[in-house]
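Its first residue numbered 1, the sequence shown is counted upward by one per residue in the numbering used here.
Ideal Cβ positions, reconstructed from N, Cα and C, are used throughout, including at glycine.
Note that the structure is a prediction, hence the values are computed from the model and not measured.
Written below as structure tokens is the structure these notes are about.
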Amino acid sequence: MDHGLQGVHVVVTGASGGIGLETVKLFCALGANVTAHYNSQFGPIQELLASNANLQHVQANLSQEDAVVAMFESLSTMPHGPVQVVIVNHAIYPTADVPIAKMTLDQWNTTMTANLTSSFLVCREYLKHLESASSTIKEKAAIVLIGSTAGKYGEANHGDYSATKSAMMYGLNLTLKNEIVKIAPKGRVNCIAPGWVRTPMAEEALKDPQMVYRVLSTTPLKKVAMPIDVAMQVVVLASSTLSGHVTGQVVMVEGGMEGRLLNKPEDLQGS
1 MDHGLQGVHV VVTGASGGIG LETVKLFCAL GANVTAHYNS QFGPIQELLA
51 SNANLQHVQA NLSQEDAVVA MFESLSTMPH GPVQVVIVNH AIYPTADVPI
101 AKMTLDQWNT TMTANLTSSF LVCREYLKHL ESASSTIKEK AAIVLIGSTA
151 GKYGEANHGD YSATKSAMMY GLNLTLKNEI VKIAPKGRVN CIAPGWVRTP
201 MAEEALKDPQ MVYRVLSTTP LKKVAMPIDV AMQVVVLASS TLSGHVTGQV
251 VMVEGGMEGR LLNKPEDLQG S
């Protein structure tokens with residue numbers, strides 16, 4: 001089956017993480033010209049370069065406006081040429097449990113900048129460069145944002161992260177899908193929202209049986225997603241062949257999750 005990605009220039013941000021790396025591999029396998037973005041961890045991407053002639057890499061701290069501007073300027077002169085598709089995958093997840101009542105403004109601002117402001121900057125610069133691109137480049141234009149079940153259901157003790165993902169899934173996604181067509185008439189914007197995924201970042205938490213129980217207690221498929229589960233849906237939404245009439249959507253990749261298990265048995269004693 002032709003996915004319509006052969007020779008399409010796809011940029012994946014946060015490409016050295018579990019989901020990002022799997023997404024890069026899949027796009028490369030489907031013949032796309034891929035740029036893998038990273039901030040500080042080049043090792044995982046470096047391992048892929050030897051076996052993927054269609055893979056190039058770029059480093060940037062996406063929280064810094066000048067770095068994002070410079071990244072897109074450099075991409076326009078690199079071998080893959082103008083960017084056609086952007087996968088906005090990068091994010092941080094503060095590991096400490098901090099309820100809103102005890103969260104510092106510094107933590108809130110750090111997460112907002114790292115996740116939401118950076119995504120705005122990436123999308124803005126992509127659209128700016130798309131304006132001057134040829135009609136052939138614009139034909140494949142697409143943005144895929146990565147949200148989270150935290151953006152749909154919230155997540156106790158991680159309100160900062162949840163707020164950034166909600167903003168991407170709804171406010172940013174729905175605004176961009178109406179704006180991109182003013183630049184590229186067939187341009188599309190969609191969002192993938194995973195639940196828990198077996199990535200290096202989640203590995204320690206998922207070693208706890210009680211955590212796994214709470215994660216899966218409202219999930220009909222009774223399993224934690226693998227990175228490839230998310231990557232495959234990213235590819236589908238990125239492809240103008242497979243999803244040419246799909247825009248402004250949030251695709252939940254969470255095994256049918258019904259919501260959160262809020263209370264432990266001991267929390268209900270005496271209620």
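Reduced DSSP secondary structure (H/G/I, E/B, other) of residue i
| i | result |
| --- | --- |
| residue 19 | helix |
| residue 70 | helix |
| residue 133 | coil |
| residue 126 | helix |
| residue 116 | helix |
| residue 153 | helix |
| residue 247 | coil |
| residue 106 | helix |
| residue 6 | coil |
| residue 174 | helix |
| residue 138 | helix |
| residue 25 | helix |
| residue 242 | coil |
| residue 101 | helix |
| residue 187 | coil |
| residue 264 | coil |
| residue 167 | helix |
| residue 46 | helix |
Beta bridge counterpart(s) of residue i as assigned by DSSP
| i | result |
| --- | --- |
| residue 194 | 253 |
| residue 35 | 11 and 56 |
| residue 146 | 192 |
| residue 87 | 12 and 144 |
| residue 225 | 197 |
Whole-number beta carbon distance between residue j and residue i, since they are thought to touch under 8 Å
| i | j | result |
| --- | --- | --- |
| residue 172 | residue 119 | 7 Å |
| residue 68 | residue 131 | With a Cβ gap of about 16 Å, residue 68 and residue 131 do not count as contacting. |
| residue 183 | residue 127 | 6 Å |
| residue 56 | residue 79 | 6 Å |
| residue 3 | residue 247 | Actually they do not touch by this definition, with Cβ atoms about 18 Å apart. |
| residue 14 | residue 90 | 3 Å |
| residue 193 | residue 151 | 6 Å |
| residue 136 | residue 195 | With 8 Å as the limit, residue 136 and residue 195 do not qualify as a contact, their Cβ atoms being about 37 Å apart. |
| residue 197 | residue 19 | 6 Å |
(request) Flag this pair as touching only if the stretch 262-271 and the stretch 54-65 have three or more C-beta atom pairs under 8 Å; answer yes or no. (result) no
(message) Three or more C-beta pairs under 8 Å: does that hold for the stretch 230-243 against the stretch 5-23?
(response) yes
(message) Does the contact criterion of 3 or more C-beta pairs under 8 Å hold for the stretch 141-151 versus the stretch 186-200?
(response) yes
(request) Decide if the stretch 102-116 is in contact with the stretch 37-44; the criterion is three or more beta carbon pairs, one per stretch, under 8 Å apart. (result) no
(message) For the pair the stretch 92-100 and the stretch 156-172, tell me if three or more CB-CB distances fall below 8 Å.
(response) yes
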